[in-house]
Amino acid sequence: DPSSNPTVSIDPSFEPSGVPSVSSEPSMDPKQSQLYALKAFYFATNGDSWDINSGWLDSSQSECDWFGVTCDDENIVTSLDLGNNNLSGSIPTEIGLLKSLEYLYLYTHQLTGTIPSEIGLMENLTVLDLYNNQLNGTIPSEIGLMENLEKLDLAVNDLTGTIPSEIGLMKNLSELFAFFNRHDIASHFSFCSMNC
Numbered sequence: 005d006p007s008s009n010p011t012v013s014i015d016p017s018f019e020p021s022g023v024p025s026v027s028s029e030p031s032m033d034p035k036q037s038q039l040y041a042l043k044a045f046y047f048a049t050n051g052d053s054w055d056i057n058s059g060w061l062d063s064s065q066s067e068c069d070w071f072g073v074t075c076d077d078e079n080i081v082t083s084l085d086l087g088n089n090n091l092s093g094s095i096p097t098e099i100g101l102l103k104s105l106e107y108l109y110l111y112t113h114q115l116t117g118t119i120p121s122e123i124g125l126m127e128n129l130t131v132l133d134l135y136n137n138q139l140n141g142t143i144p145s146e147i148g149l150m151e152n153l154e155k156l157d158l159a160v161n162d163l164t165g166t167i168p169s170e171i172g173l174m175k176n177l178s179e180l181f182a183f184f185n186r187h188d189i190a191s192h193f194s195f196c197s198m199n200c
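Below, the structure is given as structure tokens:
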């Protein structure tokens with residue numbers, strides 16, 4: 005139900021040497037939260053095995069200088085482009101902390117698990133590209149909270165169920181790709197531009 009907003013709890017004592025834990029309410033400023041989210045993402049997707057991970061977790065560099073990360077003039081992360089870079093593991097719930105993210109490209113990997121409902125917290129996202137992974141489960145209804153989303157690519161995964169009706173709340177959505185999933189979820193949904 006998109007009216008019940010998901011929340012992400014974070015552990016401020018996160019150490020890059022271990023797997024992050026999620027336990028307490030957020031008390032960090034946005035820049036600390038984005039750093040925490042990126043570190044959690046790195047560990048959850050086996051960052052040490054990525055084809056290119058230049059700069060990641062290097063404390064002498066800003067996260068804005070890490071491979072695949074783009075920031076605005078205020079050093080807020082606006083794009084994460086790690087397509088076709090040998091990511092594996094799962095998308096962590098902490099991804100929802102990247103609230104200013106506009107572009108998320110995670111296509112052509114071995115990502116498994118479900119799409120976290122916290123993805124709905126990313127209200128500035130305009131492109132979500134999860135094409136050609138091994139994601140399973142259903143598409144979370146919270147995806148409908150992303151009112152600015154223009155392109156949603158979930159094709160070639162192992163998703164089941166139907167496309168949630170909450171997608172109808174996405175007034176800017178003009179491209180939706182969901183073919184070649186377990187039960188071909190696209191066959192359950194007739195899509196056209198939300199302006200038709």
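Whatever position you read off the sequence shown (first residue = 1), add 4 for my numbering. Even glycine gets a Cβ: it sits at the ideal position worked out from N, Cα and C. Bear in mind that the values here come from a model prediction, so they are computed numbers and not experimental data.
- Fewer than three pairs of CB atoms, one per stretch, sit closer than 8 Å, so the segment 61–81 makes no contact with the segment 141–160.
- Judged by their CB atoms, Tyr-109 and Gly-124 are not nearer to each other than the 8 Å cut-off.
- The beta carbon of Trp-60 sits closer than 6 Å to those of Tyr-46, Gly-51, Trp-70, all from its chain and outside the five residues before and after it, given in chain order.
- Annotation: the segment 42–98 contains the following complete segments of the beta strand (DSSP E) (minimum length 3 residues), in chain order: 73–75, 81–85, 92–94.
- The Cβ atoms of Glu-122 and Thr-97 sit closer than 8 Å to each other.
- Closest option to Leu-180, judged by alpha-carbon separation, among Leu-153, Ile-56, Gly-165: Leu-153.
- Taking the Cβ atoms as the reference, Ala-41 lies roughly 6 Å from Ile-99, within the contact range of under 8 Å.
- Counting only the Cα atoms, Glu-170 lies some 7 Å from Ile-147.
- Put simply, the backbone Cα of Ile-95 is about 16 Å away from that of Leu-156.
- Secondary structure remark: continuous beta strand (DSSP E) runs of at least 3 residues inside the segment 121–180, in chain order: 131–133, 155–157.
- Distance from the CA atom of Ala-48 to the CA atom of Ser-178, rounded to whole angstroms, is 30 Å.
- DSSP, reduced to helix, strand and coil, places Tyr-107 within a strand of the structure shown.
- DSSP links Leu-115 through a beta bridge to Gly-93.
- If you check the CB distance, Glu-106 and Leu-91 do not come in under 8 Å.
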